[in-house]
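Counting in our numbering, the sequence shown runs from 121 upward without gaps.
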Amino acid sequence: MTSGVFRRKPIEQIEDSSGEGGLTRTLGLWQLTAIGVGGIIGAGIFALAGSVAAGDKSAGIPGVGPAVLISFLIAGVASAAAAFSYAEFAGLIPKAGSAYTYGYAVLGEIVGWFIGWDLLLEYTAIVAVVAIGISGYFSFLLQQLGLDLPSWMLGAPGTGDGHVVDLFAVILCLLIAYLLNLGIRAAARFETAMVILKVFIVLVVVLVGFFYIKTGNYSPFAPAGFGGAVTGAATVFFAVFGYDAMSTAAEESKDAQRHMPKAILYSLGISMVLYVLACLVLTGMQNYTLIDPKSGFSSAFKSVGLSGLATVIAIGAIVGIMTVLFTFLMGATRVGYAMSRDGLLPKWFGKTHPTRHVPTRFTWILGGAAAVIAGFLPIGEAAELTNIGILLAFVVVCVAVIVLRYKQPDLPRTFKTPGMPVVPLIGIGFSIWLITYLQPETWLRFAVWFVIGLVIYFAYSKRNSLLNRSAE
Numbered sequence: 121m122t123s124g125v126f127r128r129k130p131i132e133q134i135e136d137s138s139g140e141g142g143l144t145r146t147l148g149l150w151q152l153t154a155i156g157v158g159g160i161i162g163a164g165i166f167a168l169a170g171s172v173a174a175g176d177k178s179a180g181i182p183g184v185g186p187a188v189l190i191s192f193l194i195a196g197v198a199s200a201a202a203a204f205s206y207a208e209f210a211g212l213i214p215k216a217g218s219a220y221t222y223g224y225a226v227l228g229e230i231v232g233w234f235i236g237w238d239l240l241l242e243y244t245a246i247v248a249v250v251a252i253g254i255s256g257y258f259s260f261l262l263q264q265l266g267l268d269l270p271s272w273m274l275g276a277p278g279t280g281d282g283h284v285v286d287l288f289a290v291i292l293c294l295l296i297a298y299l300l301n302l303g304i305r306a307a308a309r310f311e312t313a314m315v316i317l318k319v320f321i322v323l324v325v326v327l328v329g330f331f332y333i334k335t336g337n338y339s340p341f342a343p344a345g346f347g348g349a350v351t352g353a354a355t356v357f358f359a360v361f362g363y364d365a366m367s368t369a370a371e372e373s374k375d376a377q378r379h380m381p382k383a384i385l386y387s388l389g390i391s392m393v394l395y396v397l398a399c400l401v402l403t404g405m406q407n408y409t410l411i412d413p414k415s416g417f418s419s420a421f422k423s424v425g426l427s428g429l430a431t432v433i434a435i436g437a438i439v440g441i442m443t444v445l446f447t448f449l450m451g452a453t454r455v456g457y458a459m460s461r462d463g464l465l466p467k468w469f470g471k472t473h474p475t476r477h478v479p480t481r482f483t484w485i486l487g488g489a490a491a492v493i494a495g496f497l498p499i500g501e502a503a504e505l506t507n508i509g510i511l512l513a514f515v516v517v518c519v520a521v522i523v524l525r526y527k528q529p530d531l532p533r534t535f536k537t538p539g540m541p542v543v544p545l546i547g548i549g550f551s552i553w554l555i556t557y558l559q560p561e562t563w564l565r566f567a568v569w570f571v572i573g574l575v576i577y578f579a580y581s582k583r584n585s586l587l588n589r590s591a592e
């Protein structure tokens with residue numbers, strides 16, 4: 121039964137298949153970088169810094185104060201440790217699939233299958249979660265304009281009186297699926313425009329806030345000590361990935377071997393600079409004990425008489441989430457496309473449009489699945505479907521980059537992970553540490569999805585994989 125489950129897809133075979141797929145290489149360096157920034161920076165840049173800095177008194181969680189800056193830097197370093205590994209693989213294996221493809225090539229089919237299978241669920245669930253978030257902002261803005269919306273369309277069942285479906289969230293998921301099906305070139309232009317607008321709004325907020333900084337608010341700098349800052353890093357870590365989903369587009373890059381490693385590192389670097397600036401301004405404008413953990417920037421600007429900027433922040437949050445939707449739905453469809461092409465899922469799912477060169481069936485199926493989750497599950501339950509798979513993908517990629525460096529050191533690499541093997545080991549250690557923080561409900565849902573995947577693999581995928589058929 122277990123015979124052949126660790127068979128590996130030779131890297132040379134992956135490289136030789138370039139051009140046989142239905143995707144087309146149209147993305148340049150800055151479009152890839154924009155997709156990465158779009159996936160990393162969401163509405164969290166306006167909310168997460170405040171919640172970690174202020175803490176949660178009702179839950180007994182102390183605020184880390186201005187040391188939230190240190191929390192983001194620690195999380196950024198840990199994320200960079202994994203990003204370096206992704207960058208090395210992206211230059212070495214410029215194909216769709218990201219962690220699935222890397223795991224398949226180095227650690228074996230069963231490892232690649234489970235990473236791909238789990239990322240299908242988690243990327244789709246992330247799309248649903250952020251769609252629910254943007255729906256809340258959008259409903260709030262419409263109500264501020266005096267529009268009285270019927271309660272049935274404002275949330276999932278059980279989230280409020282009369283709620284039947286989160287209609288805005290459903291529409292958003294389907295809208296992003298439609299945009300992706302227009303073709304990667306057109307979709308990437310939309311994403312790039314949204315990212316430019318988002319970065320502009322963040323910079324406006326930061327620059328205006330800079331003039332209201334009071335240096336006295338930086339003291340005490342770390343009221344919860346360095347340990348508090350490290351604990352805060354565990355919370356903010358989930359705000360500093362997204363480049364992994366962007367790396368699934370390697371097969372649509374004009375020059376993946378040169379551009380993908382740069383785009384991964386550029387997108388993380390740009391995002392970290394913006395996060396650090398946001399932390400400095402927020403904790404400088406207002407003492408951390410007075411920051412509203414739910415709307416840090418809005419309350420900070422209200423405290424200095426600039427409540428009008430709260431609307432700008434709400435718009436920035438909407439734009440921020442829109443780009444996250446795009447990046448992760450694209451990531452989910454490219455992982456599914458790669459699995460279908462390898463025979464682990466039926467070929468029908470991965471069929472590409474003859475002129476737009478995108479996997480339209482997978483895009484609509486996963487966009488529809490995200491719409492169902494977003495429309496009918498509360499955000500808390502939807503969020504429990506995320507995180508563990510991405511952390512496991514980080515572990516797999518970091519392990520694989522170490523194994524491949526020592527097994528095949530002479531492969532032509534356009535980028536090499538520095539500090540081998542220490543840097544990827546940091547990525548492995550931090551990811552495993554964060555996995556231990558996940559809730560039991562998350563583990564239960566993962567176990568159920570794992571068992572379903574196990575059944576599908578041994579009933580269909582193992583027998584129909586291209587590697588198995590070529591060996592017969």
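The beta-carbon is built from N, C-alpha and C at its ideal position, and this holds for glycine as well.
First and last residue of the alpha helix (DSSP H) that includes Thr335?
First-last for Thr335: undefined, no H or E at that position.
Cα-Cα, which of Thr556, Val125 and Arg145 is closest to Val478?
Arg145
Report buried or exposed for Ile552, applying the criterion of at least 16 other Cβ atoms within 10 angstroms of its Cβ.
exposed
Going straight from the alpha carbon of Ala579 to that of Phe126, what length do you get?
16 Å
Ile181 - DSSP class collapsed to helix/strand/coil:
strand
Which whole-angstrom value describes the C-beta separation of Arg378 and Thr537, a residue pair presumed to lie in contact below a C-beta threshold of 8 Å?
Not confirmed; about 17 Å, so no contact.
Under 7 Å between the Cβ atoms of Val285 and Gly495?
yes
Under 7 Å, do Gln151 and Thr351 count as touching if we go by C-beta distance?
no
Is Tyr577 helix, strand or coil when you go by DSSP?
helix
Following the continuous alpha helix (DSSP H) through Met540, name the residue where it begins and the one where it ends.
Counting along the chain, Met540 falls outside any alpha helix (DSSP H), and DSSP gives it neither H nor E.
Who pairs with Leu394 in a beta bridge, going by DSSP?
Beta-bridge pairing links Leu394 to no other residue.
Using the Cα positions of Gly223 and Ala520, report the straight-line distance between them to the nearest angstrom.
7 Å
Buried or exposed, going by whether 16 or more other CB atoms sit within 10 Å of the CB of Ala567?
exposed
Between the CA atoms of Asp268 and Ser199 - distance to the nearest angstrom:
43 Å
For Leu512, count neighbouring Cβ atoms within 10 angstroms of its own Cβ and tell me buried if that reaches 16, exposed if not.
buried
Have a look at Leu287, Leu400 and Ile160 and flag the residue whose alpha-carbon is nearest the alpha-carbon of Phe341.
Leu400
Starting from the N-terminal side, write out each stretch of the beta strand (DSSP E) that is 3 residues or longer and does not extend beyond the stretch 350 to 395.
none
Looking at the ligand GTP, does it come within less than 6 Å of Ala376, judged from the CB to the closest heavy atom?
Summarising the ligand content, the structure contains no ligands, and the ligand GTP is consequently not present.
Tell me, please, whether the stretch 221 to 238 touches the stretch 421 to 431 by the rule of three or more beta-carbon pairs shorter than 8 Å.
no
Helix, strand or coil at Leu586 according to DSSP, with G and I counted as helix
helix
From Thr472 to Gly451, what distance separates their C-alpha atoms?
15 Å
Is the beta carbon of Val517 sitting closer than 7 Å to the one on Tyr298?
no
Short of 6 Å in beta carbon distance, which residues of its chain neighbour Pro186, apart from the five on each side in sequence? Order them along the chain.
Tyr338, Phe341 and Thr403
For Gly347 and Ile441, the rounded distance between their alpha carbons:
31 Å
Measure from the alpha carbon of Val515 to the alpha carbon of each residue in Gly162, Lys129, Ala203 and Thr368, then state which is nearest.
Ala203
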